[in-house]
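Position one of the sequence shown corresponds to residue 1 (the UniProt record's numbering), numbered consecutively onward.
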Amino acid sequence: MQVVVRDNNVDQALRALKKKMQREGIFREMKLRRHFEKPSEKKAREKAEAQRRHRKLLRKRLEREGY
């Protein structure tokens with residue numbers, strides 16, 4: 001991952017880097033990897049995330065159709 005520093009503006013480059021990392025999900029993955037997650041916990045978490053994504057998709061679809 002690269003961020004260009006323009007006019008020695010390091011603060012702006014750091015903000016851009018943080019935004020890119022956030023978008024890629026790096027912070028979230030770092031948080032998950034701090035502690036060992038049992039396979040059963042991982043499976044349950046991933047299932048819950050999938051359900052959340054599906055509900056969100058349905059909500060957006062209903063919104064678009066005007067319900």
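Glycine included, every Cβ here is placed at the ideal spot set by N, Cα and C.
Contact annotation: L17 and V4 have beta-carbon atoms that are not nearer than 8 Å. The beta carbon of F27 sits closer than 8 Å to those of M21, all from its chain and outside the five residues before and after it, given in chain order. Annotated three-state conformation of Q2 is coil, per DSSP. Our two residues, Q51 and K42, have alpha carbons roughly 14 Å apart in a direct line.
Spanning the alpha carbons of N8 and L14 requires a straight line of approximately 12 Å.
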